[in-house]
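Take UniProt numbering: the last position of the sequence shown gets the number 404, and nothing is skipped along the way.
All remarks here apply to the structure that follows.
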Amino acid sequence: MAAEIVNPRSDSSTDHEGADEPFDPAFALHRGGKMAVQATVPVRDKDDLSLAYTPGVAKVCSAIAERPELVHDYTWKSNVVAVVTDGTAVLGLGDIGAEASLPVMEGKAILFKQFGGVDAVPIALATTDADEIVETVVRLAPSFGGVNLEDISAPRCFEIERKLQERLDIPVFHDDQHGTAVVTLAALRNAAKLTGRTLGDLRAVISGAGAAGVAIAKFLLEAGLGDVAVADRKGIVSRDRDDLTPVKRELAELTNKAGISGSLEAALKGADVFIGVSGGTVPEPAVASMAPNAFVFAMANPNPEVHPDVAHKYAAVVATGRSDYPNQINNVLAFPGIFAGALQVRASRITEGMKIAAADALADVVGDELSADYVIPSPFDERVAPAVTAAVAAAARAEGVARS
């Protein structure tokens, strides 16, 4: 399958039906969708037809029926991912529904192709029930080599991913959680290296206890971070709170070794790292109270929790989720290569070791060019996807989840 961008209209007509508005290039680019299906073999005459379809196809079907593993060799399964959403947490737009999510899912699919050489199919489901989503994806799974869960709201996203991982023998990856965590770890490793520290030397504070915040906290601890406290709308997630969901209760047991309670601002005092995945605004005095040579990763879009101009007054390294500032924490640095590596070796799942390998490979791409404005490479750096792909494939073999 090829991801094709529809040619924008060159006229100055209105950008969508019934709208009395000036030309908008975003609508022009999206007209007709951003993708198309393209054959990889020719069908020029009856001989081609007899091979691509009946009767030739029957031989291949019969062979797969006898030896199911051949499906990876003789269909597109080994290089195609389902991008699945229910439209409940789309970008910063929230619960906008399945159909309204499709432009984003198409975008995700073309990024898979552009940056990882992986085909992907957008699947927007007309249900928000966790069990119905799981059952639907399980039934669709024979057509795909992997499942990328996308823009599904917390806490359902945790349950859906866990149940699918238990029931399927193909990689299942919720990018809002793990893609963000992988890229954050890579940038943090390089920021620590730049300032002569290790992950174990750092205490971090995360603003946001949704999918990304929970995943980042767990992943950074798995990678060796010294300590991390996570804040939601009511303050630091801590054991002394009686209003926590099961997911946050588990998080309270794993995090906050320092025993901090109260507000985000209180936790930032003396902290080495701020990671924002929540939106909102962190007051400048709270940023000023952080430790010397602090790192501020304010990743909310379009408005970072700490404006870079403010962050640079106090922090040694500043990163955002935006492309118009240095050090963009962008998931496209991770998920194409992670899936490409997993599919390459026909991995049965994506392990913590594979994700850490992806983060290490991503950090290593920066190499000797490391600087305060360059702790993470650009998505357009052609070294990124091959490095992540190779590292993930090697880790899958080392962890015993590779089947080829």
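Ideal Cβ placement from N, Cα and C applies to all residues, glycine included.
Bear in mind the structure is a predicted one, so any value in this text is a computation, not a measurement.
Distance between residue j and residue i (C-alpha atoms, nearest Å)
i      : j      : result
Tyr314 : Phe295 : 9 Å
Gln165 : His174 : 11 Å
Ile133 : Ile160 : 7 Å
Asp119 : Gly210 : 29 Å
Thr54  : Ala187 : 52 Å
Lys59  : Leu333 : 40 Å
Leu244 : Phe23  : 48 Å
Ala300 : Ser404 : 39 Å
Cys61  : Glu382 : 38 Å
Met1   : Val345 : Note that Met1 has pLDDT 48, beneath the 50 cutoff, so the model's placement of it is unreliable and the number below is only indicative. So the alpha carbons of these two residues sit roughly 20 Å apart.
Pro200 : Phe115 : One point to set straight first is that residue 200 is Gly, not Pro, in the sequence displayed. Cα to Cα, Gly200 sits roughly 32 Å from Phe115.
Ile110 : Leu225 : 34 Å
Val287 : Asp232 : 18 Å
Ala342 : Thr195 : 33 Å
Ser78  : Lys234 : 45 Å
Ser50  : Pro326 : 54 Å
Pro336 : Arg249 : 32 Å
Ile64  : Lys113 : 27 Å
Lys218 : Ala181 : 9 Å
Ile5   : Arg162 : Low confidence applies to Ile5: its pLDDT is 39, below 50, so where it sits in the model is not reliable, and the reading given next is rough at best. Approximately 34 Å, taken between the alpha carbons.
Arg167 : Val138 : 7 Å
CB contact flag (residue i, residue j, <8 Å)
i      : j      : result
Val228 : Phe274 : no
Lys357 : Val392 : In the sequence as presented, Lys is not what sits at residue 357; that position holds Ala. Closer than 8 Å, so yes.
Gly107 : Asp95  : no
Leu149 : Val172 : yes
Ser350 : Ile338 : The question names Ser, yet the displayed sequence has Ile at residue 350. For Ile350 and Ile338, yes; Cβs fall inside 8 Å.
Asp240 : Ser261 : yes
Gly33  : Val81  : no
Ala395 : Met354 : yes
Val83  : Leu91  : no
Ala340 : Gly117 : yes
Ala271 : Arg203 : yes
Ala347 : Val401 : yes
Chain-order list of residues whose beta-carbon lies under 6 Å from that of residue i (same chain, five-residue window excluded)
i      : result
Ser278 : Ser207 and Gly208
Ala126 : Ala98
Gly213 : Ile206, Val230 and Val277
Ala361 : Ala387, Val388 and Ala391
Ile123 : Ala82 and Val84
Ala154 : Gly210 and Ala211
Burial state of residue i (16 or more Cβ within 10 Å)
i      : result
Pro246 : exposed
Ser143 : exposed
Ser101 : buried
Val71  : buried
Asp151 : buried
Val384 : buried
Ala398 : exposed
Arg31  : exposed
Ala3   : In this predicted model, Ala3 has a pLDDT of only 45, less than 50, meaning its place in the structure is not dependable enough to derive any value.
Asp176 : buried
Leu185 : buried
Ser10  : Caution applies to Ser10, whose pLDDT of 40 falls short of 50 and renders its modelled position unreliable; the model cannot decide the point.
Phe380 : exposed
Val37  : exposed
Beta-carbon proximity list for residue i, same chain, < 8 Å, skipping 5 on both sides
i      : result
Ser190 : Looking at the sequence provided, one finds Asn at residue 190 rather than Ser. If we look at Asn190 and ignore the five residues flanking it on each side, its Cβ neighbours are Ala363, Val366, Leu370, Val375 and Ile376.
Ser323 : Asn330
Asp48  : Val41 and Pro42
Ile282 : The sequence as given places Val at residue 282; Ile does not occur at that position. If we look at Val282 and ignore the five residues flanking it on each side, its Cβ neighbours are Ser207, Leu264, Glu265, Leu268, Phe274, Gly276, Ala298, Glu305 and Val306.
Ala252 : Val237, Ser238, Arg239, Arg241 and Leu244
Ser12  : Since pLDDT at Ser12 reaches only 41, below the 50 mark, its modelled position is unreliable, and the value read off the structure follows with that caveat. So the list reads Pro22 and Phe23, once near-sequence residues are dropped.
7 Å CB neighbourhood of residue i in its chain, flanking five on each side removed
i      : result
Trp76  : Asp119
Ala130 : Arg156, Glu159 and Ile160
Arg44  : none
Ala291 : Gly270, Ala271 and Asp272
Below-8 Å beta-carbon distance, residue i vs any chain D residue
i     : result
Thr85 : Checking the listed chains, one finds no chain D in this structure; it contains a single protein chain.
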